[in-house]
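Colleague: If you use numbering that gives the first Met the number 0, the sequence shown corresponds to residues 0 to 346, in order.
All C-beta atoms, glycine included, are put in the ideal place defined by N, C-alpha and C.
Since the model is a prediction, treat every value here as computed from it, not as a measurement.
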Amino acid sequence: MSETAELGTLGPPAVGPPGAGTGFMALLKRAGLAFLRQREASIFVVAVALVIYFKIAAPAFTTKLNLVNVSQATAPYAIIAIGEVFLLVCGEIDLSVGFIWALSPFLMQYFVDFYGIPVVAAIVLAILAGALIGSINGLVTVMFRVPSFITTLGTSFVIFGFMLTTSHAQARQLPHQAVGIGHWFGTFAWSEIIWCLALVFLFQLVLTRTRWGLHTIASGGNLLGATEAGINVGRIKVGNFVLSGTLGALAGILEAFKNSTIDPSAGGYTPMFYAVAAAVIGGTAMAGGSGTVLGAFLGMFVLQVLSDGFNLLGISSNPYQIILGVAIILAMISNVYLTRLRRMGRT
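#1: Could you tell me if Trp194 is buried or exposed, where buried requires 16 or more neighbouring beta carbons within 10 angstroms of its beta carbon?
#2: Three-state secondary structure (DSSP) at Ile332?
#3: So for Thr260, helix, strand or coil by DSSP?
#4: Got a sec: does the ligand COA put a non-hydrogen atom nearer than 7 Å to the Cβ of Thr154?
#5: Tell me whether the beta-carbon of Phe23 lies closer than 8 Å to the beta-carbon of Gly137.
#6: Would you mind listing the alpha helix (DSSP H) stretches within the region 100-159 that are 4+ residues and don't spill past its ends, in chain order?
#7: Between which two residues does the alpha helix (DSSP H) carrying Tyr299 extend?
#8: Could you give the distance in angstroms between the alpha-carbon of Asp307 and the alpha-carbon of Gly294?
#9: Output the distance between the C-alpha atoms of Gly281 and Thr164, rounded to the nearest integer angstrom.
#10: What number of angstroms, rounded off, separates the C-alpha of Gly115 from the C-alpha of Arg171?
#11: Can you tell me where the alpha helix (DSSP H) holding Pro75 begins and where it ends?
#12: Using beta-carbon positions only, say whether Leu312 and Ala57 come within less than 8 Å of one another.
#13: Identify whether Arg171 lies in helix, strand or coil by the three-state DSSP scheme.
#14: From this set, Gln169, Ser243 and Glu39, which residue's C-alpha is nearest Gly97's C-alpha?
#15: Distance check for Ala168 and Gln303, CA to CA, integer angstroms please.
#16: Consult DSSP for Glu227 and reduce its assignment to one of helix, strand or coil.
#17: In the structure shown, what three-state DSSP assignment does Asn221 receive?
#18: Taking the alpha carbon of Ile92 as the point to measure from, which residue in Tyr319, Ala286 and Val292 has its own alpha carbon closest?
#19: Assuming Ile216 and Ser289 form a contact by the criterion Cβ under 8 Å, report the distance between their Cβ atoms to the nearest whole angstrom.
#20: With the cut-off set at 8 Å, would you say Ser347 and Val237 are in Cβ contact?
#21: Let me know the secondary structure DSSP gives Arg38 once reduced to three states.
#22: Classify Lys54 as buried or exposed, calling it buried when 16 or more other Cβ atoms lie within 10 Å of its own Cβ.
#23: When the Cβ atoms of the region 75-90 are set against those of the region 266-276, are three or more pairs found closer than 8 Å?
#24: How long is the line joining the alpha carbons of Leu87 and Asn334, rounded to whole angstroms?
#25: Going by beta carbon distance, what residues of the same chain come within less than 6 Å of Asp262, once the five residues before and after it are set aside?
#26: Please report the distance separating the alpha-carbon of Thr140 from that of Ile327.
#27: Could you check the C-alpha separation between Met105 and Gly224 for me, to the nearest Å?
#28: Using the rule of at least 16 other Cβ atoms within 10 Å of the residue's Cβ for burial, across every protein chain shown, is Ile332 buried or exposed?
#29: Tell me whether Ala265 sits in a helix, a strand or coil according to DSSP, three-state version.
#30: Where does the unbroken alpha helix (DSSP H) through Leu94 begin, and where does it stop?
#31: I need the boundaries of the alpha helix (DSSP H) containing Ala197, first residue and last residue.
#32: My understanding is that Val67 touches Ala248, with C-beta atoms under 8 Å, so please give their C-beta distance in whole angstroms.
#33: Any idea if Ser1 is buried or exposed, counting beta-carbon neighbours within 10 angstroms, 16 or more meaning buried?
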């Protein structure tokens with residue numbers, strides 16, 4: 000028998016079982032690619048990097064007291080960012096949510112002190128009032144085809160003027176009857192972040208796993224196509240305005256309990272701008288059609304970590320605004336290009 004024939008009978012040289020290293024590396028590569036396809040990937044990496052950096056540069060960053068400060072600064076803005084994400088995804092925006100934030104504790108105090116309504120019921124009524132304002136924003140925008148920017152700008156002035164007129168621009172204390180339940184609404188150090196994380200988890204599922212979320216994305220991504228597919232776009236938009244108003248009212252209640260005061264100057268446009276900035280940095284497209292609640296939370300966390308870290312390092316807060324502006328622009332650019340890459344990957 001020739002050497003060639005003998006080799007033929009033996010088959011290819013034995014190399015043993017598939018190398019564990021090769022299989023593991025292939026799996027790791029696939030996992031890495033799957034991770035990078037997620038909208039939250041880039042902001043998550045930035046968040047981890049910032050935490051590590053400030054942990055090294057300022058050891059006080061990871062103390063319990065400082066982590067409480069970061070969580071309390073992140074939570075209320077992240078809560079209203081949830082509503083802004085849903086609106087941005089369907090092609091709208093709510094400028095009034097920060098004023099709803101300021102109004103809701105005033106309404107709670109009014110219901111308790113003037114009508115003797117129990118505190119829990121007063122909180123529910125105040126939150127329902129936020130939902131009512133949201134429904135007005137939505138109906139005006141949808142029925143009269145007024146751009147949501149204009150609708151909610153007008154609503155903002157109405158709410159702010161109402162607060163200044165009825166409160167005489169004076170801050171007030173929380174009703175003494177509210178002290179007993181404050182533990183659940185802001186006086187407990189971690190209560191705001193618990194509310195926030197629960198809501199982020201819930202509405203991330205709603206946006207990505209439910210028909211409402213699918214219809215919201217479709218309404219912002221292709222309005223004509225969504226309408227022709229039988230989606231009631233008007234109902235979707237009004238519903239998301241109601242969501243924004245509801246979450247704005249809840250955030251205002253939580254902040255009032257945390258600070259033990261009701262201040263007409265609280266809220267305003269600042270919470271709204273930070274919420275929109277967090278949404279954009281986290282991967283939500285201003286043009287509509289795509290977004291992520293989890294990304295908005297991470298975006299808000301990054302903004303607050305930067306602010307807190309600068310403070311611990313003794314750096315002036317003035318450059319923070321520059322960084323915020325640059326971050327928004329870069330996030331928008333990356334969103335555009337990442338969306339193109341994802342579409343190319345599907346074809």
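Modeller: From the atom records:
#1: Here residue 194 refers to the residue found at position 195 of the sequence shown. Around the CB of Trp194, 16 or more other CB atoms lie within 10 Å, so the residue is classed as buried.
#2: Looking up residue 332 in the sequence shown gives position 333. Here Ile332 carries a helix assignment [DSSP, helix/strand/coil].
#3: On the sequence shown, position 261 is the one that residue 260 refers to. Note: Thr260 maps to strand in three-state DSSP.
#4: Ligands in the displayed structure: none, and consequently the ligand COA is not present.
#5: For the purposes of this step, residue 23 is taken as residue 24 along the sequence shown, with counting starting at 1. For the purposes of this step, residue 137 is taken as residue 138 along the sequence shown, with counting starting at 1. No, these two residues do not count as a Cβ contact at 8 Å.
#6: Listed in chain order, they are 118-142.
#7: To locate residue 299, count along the sequence shown from 1; it is residue 300. Per the sequence shown, residue 299 should be read as Met rather than Tyr. First-last of the alpha helix (DSSP H) with Met299: Val292 to Leu311.
#8: Within the sequence shown, the letter at position 308 stands for residue 307. Within the sequence shown, the letter at position 295 stands for residue 294. For Asp307 and Gly294, the distance between alpha carbons rounds to 20 Å.
#9: Stepping through the sequence shown from its first residue, residue 281 is reached at position 282. Stepping through the sequence shown from its first residue, residue 164 is reached at position 165. Rounded to whole angstroms, Gly281 to Thr164 spans 38 Å at the Cα level.
#10: Position 116 of the sequence shown, counted from the first residue, corresponds to residue 115. Position 172 of the sequence shown, counted from the first residue, corresponds to residue 171. Linking Gly115 to Arg171 through their CA atoms gives a straight-line distance of about 17 Å.
#11: Indexing the sequence shown from 1 puts residue 75 at position 76. Judged by DSSP secondary structure, Pro75 falls within the alpha helix (DSSP H) whose first and last residues are Lys63 to Val88.
#12: Start at 1 with the first residue of the sequence shown, and residue 312 comes out as number 313. Start at 1 with the first residue of the sequence shown, and residue 57 comes out as number 58. Result yes, Cβ atoms of Leu312 and Ala57 sit closer than 8 Å.
#13: Taking the sequence shown and counting its residues from 1, one reaches residue 171 at position 172. Under the three-state reduction of DSSP, Arg171 is assigned to strand.
#14: As a working note, residue 97 is residue 98 in the sequence shown. For Gly97, the nearest C-alpha among the options comes from Ser243.
#15: In the sequence shown, the residue the question calls residue 303 occupies position 304. In the sequence shown, the residue the question calls residue 168 occupies position 169. Taking the straight line from one Cα to the other gives about 29 Å.
#16: Stepping through the sequence shown from its first residue, residue 227 is reached at position 228. Reduced to three states, the DSSP call for Glu227 is helix.
#17: As a first step, residue 221 is located in the sequence shown; it is residue number 222 there, counting from the start. The DSSP-derived three-state label of Asn221 is coil.
#18: In the sequence shown, residue 92 corresponds to position 93, counting from 1. Relative to Ile92, the option among Tyr319, Ala286 and Val292 whose CA is nearest is Ala286.
#19: For the purposes of this step, residue 216 is taken as residue 217 along the sequence shown, with counting starting at 1. For the purposes of this step, residue 289 is taken as residue 290 along the sequence shown, with counting starting at 1. Right, the Cβ-Cβ distance comes to about 7 Å (below 8 Å), so this counts as a contact.
#20: Here the chain comprises residues numbered 0 to 346, so residue 347 is not present and cannot be evaluated.
#21: Here residue 38 refers to the residue found at position 39 of the sequence shown. Coil, per DSSP.
#22: Position 55 of the sequence shown, counted from the start, is the residue given in the question as residue 54. Result: exposed.
#23: Taking a contact to require three or more Cβ pairs closer than 8 Å, the region 75-90 and the region 266-276 qualify as touching.
#24: One-based indexing of the sequence shown puts residue 87 at position 88. One-based indexing of the sequence shown puts residue 334 at position 335. In this model, Leu87 and Asn334 are separated by some 14 Å (Cα to Cα).
#25: For the purposes of this step, residue 262 is taken as residue 263 along the sequence shown, with counting starting at 1. So the qualifying residues of the chain are Ala170.
#26: Start at 1 with the first residue of the sequence shown, and residue 140 comes out as number 141. Start at 1 with the first residue of the sequence shown, and residue 327 comes out as number 328. Distance between the alpha carbons of Thr140 and Ile327 is about 26 Å.
#27: Taking the first residue of the sequence shown as 1, we reach residue 105 at position 106. Taking the first residue of the sequence shown as 1, we reach residue 224 at position 225. It is Phe, not Met, that sits at residue 105 in the sequence shown. Their backbone Cα atoms lie some 43 Å apart in a straight line.
#28: Counting from one through the sequence shown, the residue named residue 332 turns up at place 333. In summary, Ile332 is exposed, with fewer than 16 beta-carbon neighbours lying within 10 Å of its beta-carbon over all protein chains present.
#29: For the purposes of this step, residue 265 is taken as the residue at position 266 of the sequence shown. Coil.
#30: As a working note, residue 94 is residue 95 in the sequence shown. It is not in any alpha helix (DSSP H) - Leu94 carries neither H nor E in the DSSP assignment.
#31: Stepping through the sequence shown from its first residue, residue 197 is reached at position 198. From DSSP, the alpha helix (DSSP H) with Ala197 extends over Ser190 to Arg208.
#32: Taking the sequence shown and counting its residues from 1, one reaches residue 67 at position 68. Taking the sequence shown and counting its residues from 1, one reaches residue 248 at position 249. Actually they are not in contact, since the Cβ atoms of Val67 and Ala248 sit about 24 Å apart, beyond 8 Å.
#33: Your numbering for residue 1 matches position 2 in the sequence shown. Per-residue confidence for Ser1 stands at a pLDDT of 46, beneath the threshold of 50, marking its modelled position as unreliable; the derived number appears in the next sentence. With fewer than 16 Cβ atoms within 10 Å of its Cβ, Ser1 is classed as exposed.
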